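**Q** Take 86 as the starting number for the sequence shown in the working numbering and just add one per residue. All C-beta atoms, glycine included, are put in the ideal place defined by N, C-alpha and C. The model shown is predicted, which means the values in this text are computed figures rather than measured ones. Please find one structure pasted underneath; my questions will follow.
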Amino acid sequence: MNEPYCHSLHKVQRSFLALVVICQIALANAESEKTWAFEPERDRFSDKALLDLRYLNENEAGQTGWVRMNSEGDFTRGDGSSIRFWAVNTEVERHKPYPHFVQPGYESEPDIDQFAQWLAKRGVNMARTHSHINPDPETQDMTEVNLNDVEWIWRTVGAMKKAGIYTTVSPYWANTMKSDDDKWGTDYYNPATQRERQEHHGLLFFDEKLQYAYKEWLRYLFTTPTDYLDGKTLAEEPALAIFQIQNEDSLLFWTFNNLPPEPKKRLGKRFAKWAIEKHGSMETAYEKWQDANRDQDDETEGVLMIHNLAEIIGSAPPQNRDNPRLQDFLNFLVDTMMSFNAEIERFVKEELNCPVLVNAGNWRTADTIYLKDAERYSYTANDVIAANRYFHGIHDGLYKGWAILVDDVYTSKSVLLGDHLYFPLNLKQIEGKAMLVTESTWVFPDEHAFEAPMLISAYSSLKGFDAYYWFTAQTDGFVPPRSANGWNPSQEKWLCLTPDMSGQWPAAALAFRKGYIQAASPVVQEVRSLERVYQRRAPVIAESASYDPNRDAGLQAPDSSFPEGIDPLAFLAGPVTIRYGGNESESQAIDIEPLVKRSNDGIAITSQTGELNLSTIDESFTIDAPKVQALITHKPTTAKLSNVTIASRGERCAMTVISLDNQPIATSRKLLLQLGAPTRPTGWKTESATVEGQEGKRILDYGRAPWSVLNVDLKIEIQNKLIEEAYTLDMNGEKGEALATLKTEHGLSLEFPNGAIYVVAIATK
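Structure follows, in structure tokens:
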């Protein structure tokens, strides 16, 4: 190759590289014009902040005594006054000493006292520790505790208390339980599953050795004095609001089928004993059962066969519903869980002398439609009912359970775009019991988390729901985009301290905790016969997006008031309640059709109170209450509400206008205008992909810090003649720039500024 040619080639290459750089800069500039960088300063808790909800909390949690529950199933303080909880799961200061992580975003250890103040300022008054106090079999005996997690629980309760925040303690998760059969004399290994570790799902409900150890763990947790609680024990600390017996385990979930051989045999003996107690003798039981599966029982040893859950789900052969042995089997499993739940509450309250409210658990079943009522009934041995329900699409990748990597694929769900039946608060509430969602979030990389906070606030208020716990917090303020574990390059998945979620907590928490949105009377009052539950007859309404009242109508109880079932849209009209132990003919429901609009483009449903409207037709949601008015939208629109007009002329967003002085918007002297906008890590890139037959995306770059918040084009007009000035606030609620406002006939209007989440509008005279 001659020299002039080489020179020309190099010149072309340099020109090409320069062009690439120019294109990259142009793309970056174009992207920066669409978004702004979210880089909040650490909160200094200045007394000059114009947005600070710390006053909603007590000076100290528990200062009036233990949290109680009234006859309606609502929480009260120790003095009897009502209390609602805006809640979060926390892992702050869990690991001592703090690990030397290598990835950005983990440079400094979070401070739990800073975090407690940060939460209280933004309206939070409940934290949950998802903890594991079971021992390490390599170094400990079975009755010893994981002292790291025990001290973390004490540390959390003590720190949160000072900020007026109560704590829910969940000490056990079968999924993280480990044991050593040789060392501990247990028999939890299951060779059939071909796993190195033992199987523990389901064991706590019936295995006496594990139950004994569990009680010893609780004895240490509750009765050991600690400096974190000023020398008191946890049993003496009323800042502890709720004790959750265990997390995410059930005898009615698929993990039940993996019971190890020896524990399964012991459960079979319990089944035989239960059958004798119910029927008088084993022979009488076999007569009732028409000798079903008798040849698979070990009558000599008194061991009954333990059935596979596939035999009692909705897709099982139809004759299984009428099989009396299978009906008894389901009844036995429920009684086993229920008796365990009752015994642990007795143990905590009587032997450990702790008057805390108790929740049994929060898990799902192998069949939501046909087994969920059986599971939920087993929780009624205790004070509080709970469920874990995340909102998410499909996410597939190498570490899909905990991390996001390049080449992962995903889909997104949206309540406003047609996934309303998956909404986490579509739950049946048991009459006279408190109801919680103890774990939930819009799971990253879902693209529509900006919908979440005001939807949760609005429908929690409408339904009289007791608490929704965001999952999960690991930093003492807003979390940056960062590695999922601090070691490997990746993006964190389980998030809530993001600008699109926790950035909207102030208005969401204030509206919920102060009752700004009206509660409705029940739209459905279901009554379930336990006999029909054990026969796996269809409920009149179910917590499953796949429930079809037309398809499942033939499986209703013959004495049901609603043989054709009830449209699950009822969950969005008002509370759906349930009572166990009556006759199914007692069920009642209002006709929701006057509240529903249907078209080929979707549905629209107005709440029974008239204050909430969800429309998948218009891709929007509105709140129109005297003290809070809001719009969530996916396309340009104008929402003309009672005192506020919100014109969104650009991208999807959420905008809330709320009174900060407990006065109606029309006469308030201090209003908060709060934005929610789509958020992604800087440099986030995707391409279109088909994911399990659905339209989705493939991740080309999971990005880096800081968060990029989508710019919006919003005009807000407020009918309030007292308000004269408006200012931006930073993410710590401190006063920023004055905004230009335009006086109107009934108040003022303003353009919402990009680069801000909060604007405060105030009266100066």
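Between A605 and Q673, which are expected to be in contact by the criterion C-beta below 8 Å, what is the C-beta distance as a whole number of angstroms?
**A** Residue 605 sits at position 520 when you count from the first residue of the sequence shown. Residue 673 sits at position 588 when you count from the first residue of the sequence shown. That belief does not hold up - the Cβ atoms of A605 and Q673 are roughly 14 Å apart, past 8 Å.
**Q** Kindly indicate which three-state DSSP category V209 falls into: helix, strand or coil?
**A** Position 124 of the sequence shown holds residue 209. In the structure shown, V209 sits in coil (DSSP, three-state: anything other than H, G, I, E or B).
**Q** Under the three-state reduction of DSSP, which class applies to A689: helix, strand or coil?
**A** As a position in the sequence shown, residue 689 is number 604, starting the count at 1. Three-state DSSP puts A689 in a strand.
**Q** Put P766 into one of helix, strand or coil per three-state DSSP.
**A** Residue numbering aside, residue 766 sits at position 681 when the sequence shown is read from its first letter. Three-state DSSP puts P766 in a strand.
**Q** Closer than 6 Å by C-beta to N447: which residues in its own chain qualify, once you throw out the five before and the five after it? Chain order, please.
**A** In the sequence shown, counting from the first residue as 1, residue 447 sits at position 362. Once the five neighbours on either side are set aside, the close Cβ partners of N447 are A471, A472, N473, T523.
**Q** Look at the Cβ atom of G147, then the Cβ atom of K246, and state whether they are nearer than 8 Å.
**A** Here residue 147 corresponds to residue number 62 of the sequence shown, with the count starting at 1. Here residue 246 corresponds to residue number 161 of the sequence shown, with the count starting at 1. Closer than 8 Å, so yes.
**Q** Does the pairing of the segment 535-544 with the segment 495-509 give three or more beta-carbon distances under 8 Å?
**A** Judged by Cβ distances under 8 Å, the segment 535-544 makes contact with the segment 495-509, as three or more pairs qualify.
**Q** Are the CB atoms of M740 and L760 nearer to each other than 8 Å?
**A** As a position in the sequence shown, residue 740 is number 655, starting the count at 1. As a position in the sequence shown, residue 760 is number 675, starting the count at 1. For M740 and L760, yes; Cβs fall inside 8 Å.
**Q** Kindly give me the distance between the Cβ atoms of G768 and R789, rounded to whole angstroms, as I take these residues to be in contact under 8 Å.
**A** Locating residue 768 in the sequence shown gives position 683, where the first residue counts as 1. Locating residue 789 in the sequence shown gives position 704, where the first residue counts as 1. Contact holds; Cβ gap of about 6 Å.
**Q** Between the segment 274-286 and the segment 412-432, do at least 3 Cβ pairs fall closer than 8 Å?
**A** Flag = no, the segment 274-286 and the segment 412-432 do not touch.
**Q** Give every residue of the same chain whose Cβ lies closer than 8 Å to the Cβ of V564, excluding the five residues on either side of it in the sequence, and list them in chain order.
**A** Counting from 1 along the sequence shown, the entry for residue 564 is found at position 479. G190, A558, E577, L580, L582, T583, listed in sequence order.
**Q** Is V625 helix, strand or coil when you go by DSSP?
**A** Within the sequence shown, residue 625 is the residue found at index 540, counting from 1. In this structure, V625 counts as coil in the three-state DSSP scheme.
**Q** Following the continuous alpha helix (DSSP H) through D334, name the residue where it begins and the one where it ends.
**A** To locate residue 334, count along the sequence shown from 1; it is residue 249. Segment: none, D334 is in no alpha helix (DSSP H) and carries neither H nor E.
**Q** What are the partner residues of M154, as DSSP defines its beta bridges?
**A** Mapped onto the sequence shown, residue 154 falls at position 69. According to DSSP, M154 bridges with F160.
**Q** Distance, Cα to Cα, G270 vs T450?
**A** If you number the sequence shown from 1, residue 270 lands on position 185. If you number the sequence shown from 1, residue 450 lands on position 365. Cα-Cα distance, rounded: 31 Å.
**Q** Just to confirm, are G571 and Q199 a CB contact at a threshold of 8 Å?
**A** Position 486 of the sequence shown holds residue 571. Position 114 of the sequence shown holds residue 199. In this structure, Q199 does not lie closer than 8 Å to G571 by Cβ.
**Q** By DSSP, does W258 sit in helix, in strand, or in coil?
**A** The residue you call residue 258 lines up with position 173 of the sequence shown. W258: strand per DSSP, three-state reduction.
**Q** Using 8 Å for Cβ pairs, my map puts S463 next to M423. What's the rounded Cβ distance?
**A** To locate residue 463, count along the sequence shown from 1; it is residue 378. To locate residue 423, count along the sequence shown from 1; it is residue 338. That belief holds up - the Cβ atoms of S463 and M423 are roughly 4 Å apart, short of 8 Å.
**Q** Check each candidate in Q225, R213, S587, I391 and name the one with the smallest Cα separation from A244.
**A** Translated into the one-based positions of the sequence shown, residue 244 becomes position 159. Considering only alpha carbons, the answer is R213.
**Q** Leaving out five residues before and five after D452 in sequence, what residues of the same chain have Cβ atoms less than 6 Å from its Cβ?
**A** Within the sequence shown, the letter at position 367 stands for residue 452. Cβ neighbours of D452 beyond the five flanking positions: I398, G399.
**Q** Can you give me the Cβ contacts of N114 inside the same chain, cut-off strictly under 8 Å, excluding the 5 residues immediately before and after it?
**A** To locate residue 114, count along the sequence shown from 1; it is residue 29. Confidence at N114 is low in this model, with a pLDDT of 45, below 50, so its placement is unreliable and the value that follows should be read with caution. Closer than 8 Å at the Cβ level, and outside the excluded window around N114, lies no residue.
**Q** In this structure, does DSSP put E819 in helix, strand or coil?
**A** Against the sequence shown, residue 819 aligns to sequence position 734. It is coil, neither helix nor strand.
**Q** Report back the beta-carbon spacing between D468 and D481 to the nearest angstrom; my notes put them in contact at under 8 Å.
**A** Looking up residue 468 in the sequence shown gives position 383. Looking up residue 481 in the sequence shown gives position 396. Not a contact, Cβ separation roughly 39 Å.
**Q** Which residues mark the beginning and the end of the alpha helix (DSSP H) in which N233 is found?
**A** Taking the sequence shown and counting its residues from 1, one reaches residue 233 at position 148. Where N233 is concerned, the enclosing alpha helix (DSSP H) stretches over 232-247.
**Q** If you reduce the DSSP assignment to three classes, tell me which class I663 lands in.
**A** Translated into the one-based positions of the sequence shown, residue 663 becomes position 578. Strand at I663.
**Q** Check the C-beta distance from P624 over to D458 and give it rounded, since I have them as a contact under 8 Å.
**A** Residue numbering aside, residue 624 sits at position 539 when the sequence shown is read from its first letter. Residue numbering aside, residue 458 sits at position 373 when the sequence shown is read from its first letter. Right, the Cβ-Cβ distance comes to about 6 Å (below 8 Å), so this counts as a contact.
**Q** Would the segment 436-447 count as touching the segment 325-345 if we require 3 or more Cβ pairs under 8 Å?
**A** Yes, since at least three Cβ pairs between the segment 436-447 and the segment 325-345 fall closer than 8 Å, the two stretches touch.
**Q** How would you call Q610, buried or exposed, if buried means at least 16 neighbouring beta carbons within 10 angstroms?
**A** For the purposes of this step, residue 610 is identified with residue 525 of the sequence shown, where counting begins at 1. Buried, by the Cβ-count rule.
**Q** What's the C-alpha gap between N155 and Y553?
**A** Indexing the sequence shown from 1 puts residue 155 at position 70. Indexing the sequence shown from 1 puts residue 553 at position 468. Rounded to whole angstroms, N155 to Y553 spans 19 Å at the Cα level.
**Q** State the DSSP-derived secondary structure class of T557, mapped to helix, strand or coil.
**A** Residue 557 sits at position 472 when you count from the first residue of the sequence shown. Three-state DSSP puts T557 in a strand.
**Q** Between the segment 333-341 and the segment 374-382, are three or more C-beta pairs nearer than 8 Å?
**A** These segments do not touch.
**Q** Tell me, please, which residues DSSP counts as bridged to G851.
**A** Here the chain has residues from 86 to 850 only, and residue 851 is not among them.
**Q** Using 8 Å as the cut-off, can you tell me whether the segment 592-606 makes contact with the segment 772-787, which would need three or more C-beta pairs spanning the two stretches below that distance?
**A** No: the two stretches stay apart, fewer than three of their Cβ pairs being nearer than 8 Å.
**Q** Excluding the 5 residues flanking E368 on each side, which residues of the same chain have their C-beta closer than 8 Å to its C-beta?
**A** Here the question's residue 368 lines up with position 283 in the sequence shown. Cβ within range, chain order: n/a, list empty.
**Q** Taking only beta-carbon positions, decide if R153 is within less than 8 Å of chain D.
**A** The question asks about chain D, but that chain is absent: this structure has only one protein chain.
**Q** Sorted by chain position, which residues of the same chain lie with C-beta nearer than 6 Å to Q724's C-beta, five sequence neighbours on each side aside?
**A** To locate residue 724, count along the sequence shown from 1; it is residue 639. Checking the sequence shown, residue 724 turns out to be Ala, not Gln. Excluding residues within five positions, the ones whose Cβ falls inside 6 Å are T707, L716, I731.
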